[in-house]
Amino acid sequence: MTANTVIEVNNLNVGYDDVNILHDVSFKVFEGEFVSLIGKSGCGKSTLLLALAGFINSQGICQIPSELGMIFQNYAVYPWMTVRENIAFGLGHLPEGERKQVESHYLELVGLVEHGEKYPTQLSGGQMQRVAFARAFAPNPQVIFMDEPFGALDIFTRDKMQDWLNSIWEKEHKTVIFVTHNIEEAIYLSDRIFIVGNGSIIGEFRPPFGRPRIDEMKYSSHFMDLKRNVAEQLESSQLRS
Amino acid sequence: MKLKSNDAITFSGLVHDNLSILLFLILWEILGRSGFVHISLFPPPTYVLKAFVEMVASGDLIRDVAVSLWRAIVGWMFGSLAGIGIGMLTGRSVKINRYLSPIIQLFRPLPPVAIIPLVIVWFGIGELSKLFSIGFAVFFPVWMNAHMGAQRIPISFLWSAKSLRVSEAAVFWKIIFPGSLTFIAAGLRNGIAVAFVMVFVSELAGASSGVGYEISVSHLAYRVDRMMAALATLAFLGATSDYLLTRLLDRQFPWLKYLDQK
């Protein structure tokens, strides 16, 4: 069975003044795929995500669904809305009954039922990020972009959130583009990994692991080997720049 | 509703919270009665309190307070509404900011008191001139705060809203306005202090009622105790207004206090 292409990018370029941030980026993402963009700080991976979302100007061909969800490293949940109101913010088009139903479903999915009437600043970092996930998932977008969503969390919370995201993804099966600079995270979560370096995609890996992913696989020799290969490719991109 | 332990009002808590005021009053009483300065020039708080009771009993102070309060509130409201509205526009629109900010910045350093003679020439000594002067003075701190608040909305808040495909109106009312509110609240509180300064000055410059007028008349009659009673009343009104505004903001926008605690 061939999966449908959801995102198709051809010769995408992004530049400010005379500086070329991204050049000739081309790739495809298929329906229900979890794709990670990995690269070192300043390599252009977040810029690529913002260009795909249409938040910054770019040149080239970029076919992408108009319905997309967005999750940022700084959570970007609105402190003046309760958890429930944050989740419902993108559901204004739904009738009230249906809106309440969707709201409650995602509140339960992210495990925050008892925190529904709280304000985000009353929650921990991990809980705030779960609110951001629920808000992005709730309008049922075709694609979800995640820009280093666990970057602001401590290592223990980050590990927990990876497992949590895996379980959510198993249930929702959304097409995801996930930006990270953490190799282990990229391998653990993704179907495919694009290496971003010097403003373009310089490599691609397919983690050979089935789903659901389990924590123990991080200690397998296959996982370690892949981690080393990705690291070497990242290192070579640094040497070339 | 049961009060939480940290919300409970105790006698000891009240004493500690107002210790500086109590000490100030005691020192003032001692100094006033020491004979170091003539008692009519520097009356102690008990004399001022007596004058205050007389002024309240005669009905003069209550009438003056009502008039001054009305002027301060109406002037503050007009100045604040204009400040918030224009601040939001200049803070969010590059074009409007380019055209409006230079003229606002030109008038901003002007001491608001300096325009009073001109305002009297234009509008006379009636209510309009006082309200205009107060509103003019309040506008600038409120505008500056609203402008900065609107400019400092994190871009990720707006991108999230865009990805959720909410309307422009919803972006303004549900993201930009509440996102600027911490700054706006600071501007409004600053504006209250400015409003009371301007009430006093504009009533000195030409009025037949108000706390400022009372101070001016007491000055001519050499009644320092009455002047001090009127000044204390003005200070109390300003502080109470600020307190009430803070309570109102906390009540209307409960998330503000959680933001402070984070």
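Chains as they are written, first to last, in our numbering: chain G, 777 to 1017; chain Y, 151 to 412. Even glycine gets a Cβ: it sits at the ideal position worked out from N, Cα and C.
| Query | Result |
| --- | --- |
| At least 3 beta-carbon pairs within less than 8 angstroms: the segment 927 to 946 of chain G vs the segment 857 to 864 of chain G | no |
| Separation of G388 of chain Y from L338 of chain Y, as counted between CA atoms | 13 angstroms |
| Contact set between L844 of chain G and chain Y, taken where Cβ atoms lie within less than 8 angstroms | S313 |
| Three-state secondary structure assigned by DSSP to L844 of chain G | strand |
| Three-state secondary structure assigned by DSSP to N863 of chain G | The sequence shown places Ile at residue 863 of chain G, rather than the Asn named in the question. Here I863 of chain G sits in helix by DSSP. |
| Minimum Cβ-Cβ distance from M151 of chain Y to chain G less than 8 angstroms | Low per-residue confidence applies at M151 of chain Y: pLDDT is 40, beneath 50, and the placement is therefore not dependable enough to give any value. |
| Collapsed DSSP secondary structure at K312 of chain Y in the structure displayed | helix |
| Candidates G:H881, G:E893, G:Q938, G:D935, of which the one nearest A914 of chain G by Cα | G:H881 |
| Extent of the continuous beta strand (DSSP E) to which G836 of chain G belongs | 835 to 839 |
| Straight-line Cα distance separating M205 of chain Y from M348 of chain Y | 23 angstroms |
| Closer than 8 angstroms to chain G by CB, F403 of chain Y | yes |
| Residues that V1021 of chain G bridges to, as DSSP identifies them | Look at the range of chain G in this structure, 777 to 1017, and you will see that residue 1021 of chain G is not part of it. |
| Cβ shell of E807 of chain G (< 7 angstroms), same chain only, five flanking positions each side left out | A779, N780, V782, T951 |
| Collapsed DSSP secondary structure at K804 of chain G in the structure displayed | strand |
| Among Y:F386, Y:Q402, Y:I254, Y:K245, nearest to G233 of chain Y - alpha-carbon criterion | Y:I254 |
| For H798 of chain G, the residue or residues it bridges with in DSSP | Reading the sequence as shown, one finds Leu at residue 798 of chain G and not His. The partner list for L798 of chain G (beta bridge, DSSP) reads G:V790. |
| For S812 of chain G, the first and last residue of its enclosing beta strand (DSSP E) | 810 to 814 |
| Counterpart residues of T951 of chain G in DSSP-defined beta bridges | G:V919 |
| Stretch pair the segment 354 to 369 of chain Y + the segment 173 to 189 of chain Y: three plus CB contacts closer than 8 angstroms | no |
| The segment 304 to 315 of chain Y touching the segment 842 to 854 of chain G, judged by at least three CB pairs closer than 8 angstroms | yes |
| V782 of chain G in three-state terms, based on DSSP | strand |
| Buried or exposed (CB count within 10 angstroms, at least 16 for buried), M1000 of chain G | exposed |
| Chain-ordered neighbours of A320 of chain Y on chain G, where CB pairs are closer than 9 angstroms | F865, G868 |
| Cβ distance (whole Å) where G229 of chain Y is taken to contact V292 of chain Y below 8 angstroms | 6 angstroms |
| Three or more C-beta pairs below 8 angstroms linking the segment 799 to 814 of chain G and the segment 960 to 972 of chain G | yes |
| Beta carbon proximity, Q938 of chain G to chain Y, threshold 8 angstroms | no |
| Straight-line gap, G163 of chain Y to K994 of chain G (C-alpha atoms, nearest Å) | 57 angstroms |
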